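FYI, the numbering for the sequence shown is 81 to 749, going by my numbering. Backbone N, C-alpha and C fix where the C-beta goes; we use that ideal spot for every residue, glycine too. Because the structure is a prediction, the values reported are computed rather than measured.
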Amino acid sequence: MALQTLLEPLEINHMTLKNRIMFPPMTTGYEARDGSITEQSINFYKRVAEGGASYIVLGDVTPVHTISPTPKLVNDDQIPSFKALADALHEFDCKLGLQVFHPEYDTVAVAELFAKGDMAGARAKLHHDMQHYINEVTGERLQEILGHITALARRATQAGADAIEVHGDRLVGSLCSPLINQRTDEYGGSFENRTRFARAVVRAIREGSPDICIDYKLPIITENPQLGRGGLFIDEAVELAKLLEADGVDTFHVGQANHTGNLNDTIPAMGTRPECFMAPYARRVKEAVSVPVSTVGRIMTPEDGARLIEEGVCDFIGLGRPILCDPDYANKVAAGQADLIRPCIMCNHGCTDAIASRRFISCVLNPENGYEYKRVITPAETPRKIAVVGGGPAGMEAARVAALRGHDVTLYEKTDRLGGQLGIAAVPPRKDEMNRATRWYERAVAAAGVNVLLDTEATPDRLIADGADEVIVAVGGRCATPPIEGVNMPHVMDSWKVLAGEQHPHGRVVVIGGGLVGAETTEYIAQGDCEVTIIEMMGQIAAEESSTVKPFIMEDFAAHNVVVKTNTKVDRITADAVEATETLNPPAPAGRPGAPAPVPAADAPEPETQAISIPCDCVVIASGTAPVAFDTAALEERGIKVTLVGDCNGKAADINRAVEEGYLAATAA
């Protein structure tokens, strides 16, 4: 009953929502090159609507041609694809909003440079404009943009959209901003001038669509610490909200202001911002206006969302990453199954990283993202007895899905708990939210009817004796031991055992391996009294870490005086030092973080190296993952199908690949 608040309908001018749960605008990468809506995009949003959300806002819809990989509604030929999306959502009584935005660059000039093939010129223009366009765009061009927005509103109505949300950040928010706007004309200086364009945008939308619901994303420059540059500080934001309501805005969406240089400020990863961090700002706006208000920002549980509404913070809630993780969020609340909502762990690896890397959006815990209605859990034609060996993420996902398909599933785990590597992944600073995934899997496999056997070694003989028709092996990996002289000395430790609390470094510690595990182990050790040095052969630390999270790791390194040695190869470990070779002139890094090391050019200079010796009391190995072996010969001789998933399947798997392989193995069983 405590969650009933989330299920109550909400009346908004020009639009009625069936419940208080919205899917806010997110860049997805599902659209066609011209910005039209593709089948993949329709299926993604349709699945969210089918899951019970009452309102979906399609993010970053431009009214002009841009090079940005976002939706575009710039001509009448595109209307049918948007109408197909609206029709798909309306099938489930879900409303569609289009978030209109204009980027902070001269879209016409940049597009012309690209069309001419002048890539260098286009990139230079983009770089310049992202810093200066707000203060250089002419008033005449701003009027032209308003005309395009009016045309978009007309097309949105023809497409059957229910709302248009003004993207109050980007061009609009930058013009509003006292931190960015340095203009001296009618669009700069005073509060009235800085907000002139924002108010004109609302009137332009109303001109193009007199009866559509106008939503306004109101970006707030948050304080303590100050984050964001576009948008307004809260006092001015409240005043703007009052004016916009008078101009015809029907609802406000209160969010974090952007233009910070780090997506983590607007899409914060686990442990980096407080839960419900926008609540104080949303409350201020709601108290100032008479129209409904929504907000976002690490609303972690349905209970949190219901509480925000009941306490008068907002009228409805935006759940981006949580619904990406579990599109059935609203339906599970309605069915009294909130405890079975798959929880977003806010790792940012599948979603925010995808946006930054120009990949389509996904979630590491939801293998169906981007494959909606193609990857589906369907009843098995012939239910069989399936054994899953290993209770890490790959094994738990395989067991859950196989059981939901109707198979008789037994999950064997040799330790006294489920979770596998999730247990040690949750130990470093800011990472304890990883435990939410383990706790959910424990509930989910039980609800699916999986027979879980803990403290049970699943030998081939045991599996044969138990009558398994098929075996999915997910026995995981182990900390790899590199071929370094001295690696077996008594003061050399295993990073996995350190994180598990089985080994305890002290004094001067050298961590060998600067990948994600090495970086997080270093952070963990550095919280104590240890003096830590981390050594990495490649040119950067934690190359595979999310670009939103990595700055926090490096800040923590600096705060704890961690010594970072990149481009350094360990030669040997002695009783009191690590001997290594450091390259002083490494080749310049190429490509995105995590890409393969660049191949030196034929005329590249010879490497300049120096031998270094790092005194230490302990050494911690974090040089990668090796698969744990599992002998499948006896099973295969019996004609029992065996599938390996996760870390034991040839190479190390991150959580995304582990879950995906477990899912795919179970759907094929």
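Residues bridged to residue i [DSSP beta-bridge criterion]
i           : result
residue 693 : 659
residue 611 : 588
residue 443 : 446
residue 492 : 469, 533
residue 247 : 297
residue 412 : Its beta-bridge partners do not exist; DSSP assigns none.
residue 175 : 135
Alpha-carbon to alpha-carbon, residue j and residue i
i           : j           : result
residue 471 : residue 707 : 15 Å
residue 284 : residue 295 : 13 Å
residue 594 : residue 410 : 41 Å
residue 742 : residue 153 : 39 Å
residue 768 : residue 381 : Residue numbering for the chain in the displayed model covers 81 to 749; residue 768 lies beyond these limits and cannot be assessed.
residue 611 : residue 568 : 22 Å
residue 110 : residue 394 : 30 Å
residue 113 : residue 165 : 17 Å
residue 303 : residue 338 : 13 Å
residue 535 : residue 425 : 27 Å
residue 526 : residue 590 : 42 Å
residue 518 : residue 262 : 50 Å
residue 492 : residue 467 : 7 Å
residue 116 : residue 389 : 35 Å
residue 143 : residue 135 : 21 Å
residue 642 : residue 614 : 7 Å
residue 206 : residue 185 : 6 Å
residue 316 : residue 372 : 19 Å
residue 690 : residue 512 : 40 Å
residue 374 : residue 229 : 23 Å
residue 387 : residue 219 : 44 Å
residue 627 : residue 343 : 8 Å
residue 156 : residue 170 : 21 Å
residue 130 : residue 453 : 11 Å
residue 415 : residue 132 : 11 Å
residue 330 : residue 484 : 43 Å
residue 732 : residue 557 : 7 Å
residue 657 : residue 696 : 5 Å
Proximity to residue i [Cα-Cα], best of the options
i           : options            : result
residue 243 : 252, 249, 232      : 232
residue 538 : 643, 552, 351, 190 : 552
residue 422 : 401, 661, 428, 440 : 401
residue 747 : 486, 375, 282, 197 : 486
residue 271 : 544, 287, 286, 253 : 253
residue 378 : 352, 543, 584      : 352
residue 547 : 529, 574, 489, 602 : 489
residue 83  : 412, 155, 246, 475 : 412
residue 549 : 574, 100, 108, 723 : 723
residue 137 : 368, 181, 573, 145 : 181
residue 446 : 640, 403, 651      : 403
residue 333 : 354, 349, 309, 359 : 359
residue 224 : 289, 127, 281, 639 : 281
Supposed close pair residue i, residue j - CB separation, criterion 8 Å
i           : j           : result
residue 555 : residue 728 : 5 Å
residue 648 : residue 662 : 5 Å
residue 698 : residue 587 : 7 Å
residue 448 : residue 455 : 5 Å
residue 637 : residue 644 : 6 Å
residue 580 : residue 694 : Residue 580 to residue 694, Cβ: 25 Å. No contact.
residue 745 : residue 545 : Not a contact, Cβ separation roughly 23 Å.
residue 124 : residue 385 : Contact doesn't hold; Cβ gap of about 22 Å is too wide.
residue 92  : residue 405 : Not quite, the Cβ-Cβ distance comes to about 26 Å (not below 8 Å), so this is no contact.
residue 237 : residue 289 : 4 Å
residue 523 : residue 399 : Actually they do not touch by this definition, with Cβ atoms about 20 Å apart.
residue 509 : residue 603 : 5 Å
Contact test: residue i Cβ vs the ligand SAM heavy atom, cutoff 7 Å
i           : result
residue 502 : You won't find the ligand SAM in this model; it holds no ligand whatsoever.
Local conformation of residue i per DSSP, three classes
i           : result
residue 213 : helix
residue 531 : strand
residue 740 : helix
residue 157 : helix
residue 642 : coil
residue 746 : helix
residue 705 : strand
residue 333 : strand
residue 375 : strand
residue 238 : helix
residue 686 : coil
residue 299 : strand
residue 518 : helix
residue 252 : helix
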